[in-house]
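In mature numbering (1 follows the signal peptide of the UniProt record, and there is no 0), the protein residues as written are -27 to -1, 1 to 246. Don't be surprised by glycine CBs; every beta carbon is placed ideally from N, CA and C. Computed from a predicted structure; not experimentally measured. Notes to accompany the following structure.
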C-alpha cells in the first residue's frame, strides 16, 4: 500500500484527530471521554477486544489479577465443588433493551454442565466432575453471556451486556463500539466514549499508524525505530514488548499478566487523556 492509501485507511471511520501530544502527564484517576483506537494483526486480537467490550462474563479478572464478580455478585460450591450456585445482578440489560436474567446465563453456559435458572437472579451449575477453579475459568471471554445463549458472531449483530454496543463491525477487519449510557459499571469501567479496532496485518504499517497519530495503541513485536519513552509506553515492558501506546493513553497501575491484551478488556479499562 502507498502512504496515501494507508492514510486513507487509518482515517476511515475516524471523526476527530487523536487526542494528546507527546509528554502529556496523566492523572491518577481515569478520564472519561474521547476515542481509543487500536491497530492489531490478523489474528484473534480484534475478536477478543470486541467481545471484551460488548459482552460480560459471570466473573472477571481485575487489573491487579484478583478474581471478582461481573454479572455474578457471589457464588458458592457444594462440598464436592461439583455443584455451584451463583447469585446474579438484577440491574443489567442487553443492548437491545432486554433485561438480563439467570435463564440467559443458563443457556450460555449449557456446554459446561447442567445449567438451571432458579429464579431471575439465581443460577445452579452441576458439573460432571469437581472443579474448584470454576469461578476463575468463567472469567474467560469464551464464556461470554449472551441473550438466550445466542451466538457471539457476526460482530455486527452482537448483543451483549458490556460497556460498549456495536456501532459498526466487520469480522476480521474492523470494530467500532459506542459507550452504553447508564451502564451498571458507570464510574468503574468504560472510560472512553468510543473504541475502534482496525486490523492491519503488516507490523511496519501498524508502527507507522501509531507514530503518525492515527491510532493510540498498536500490537507490535519489538519494532525498530519506535523506542521513544517521551512519546510511547510499552506493555508489558520495553524489553518484552507486545503493545506500544501513545503516552496519552492511561491504563491501570497494575495489569493482569495472563495476556498482553488484558484478556480483551482494554476497551473498558484503558482511557485517553
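Query: Please list the terminal residues of the continuous alpha helix (DSSP H) segment that includes residue 250.; Result: Residue numbering for the chain in the displayed model covers -27 to 246; residue 250 lies beyond these limits and cannot be assessed.
Query: Name the DSSP bridge partner or partners of residue 56?; Result: 99
Query: Pair every Cβ in the segment 64 to 71 with every Cβ in the segment 108 to 115, then say whether three or more of these pairs are closer than 8 Å.; Result: no
Query: So who's on the other strand from residue 219, going by DSSP bridges?; Result: 205
Query: Can you give the beta carbon distance from residue 96 to residue 88, rounded, assuming they're within the 8 Å contact cut?; Result: 7 Å
Query: Short check: CB of residue 258 to CB of residue 148, under 9 Å?; Result: No answer is possible for residue 258: it lies beyond the span of the chain, which begins at -27 and ends at 246.
Query: Skipping 5 residues on each side, what residues in its chain have a beta carbon closer than 7 Å to that of residue 24?; Result: 114, 117, 125 and 237
Query: Is the segment 175 to 190 close to the segment 144 to 164, with three or more CB pairs under 8 Å?; Result: no
Query: Locate the beta strand (DSSP E) running through residue 13, then write down its first and last residues.; Result: 8 to 13
Query: Terminal residues of the continuous beta strand (DSSP E) containing residue 192?; Result: 190 to 192
Query: Would you call the CB atoms of residue 191 and residue 56 closer than 9 Å?; Result: no
Query: Mind the definition here: the segment 26 to 41 touches the segment 131 to 145 only if three or more C-beta pairs lie below 8 Å; say whether that holds.; Result: yes
Query: Specify, as a first and last residue, the run of the alpha helix (DSSP H) that residue 90 falls within.; Result: Per DSSP, residue 90 belongs to no alpha helix (DSSP H); it is in the beta strand (DSSP E), 87 to 90.
Query: With burial defined as no fewer than 16 other Cβ atoms inside 10 Å of the residue's Cβ, what is the status of residue 211: buried or exposed?; Result: exposed
Query: Take residue 36 as the anchor and find which of 246, 144 and 223 has the nearest alpha-carbon.; Result: 223
Query: Measure the alpha-carbon distance for residue -7 versus residue 3 and round it to whole angstroms.; Result: Summary for residue -7: the model assigns pLDDT 28, below 50, so the residue's position carries little reliability; its value from the coordinates is reported in the next sentence. Near 18 Å, if we compare the C-alpha coordinates of residue 3 and residue -7.
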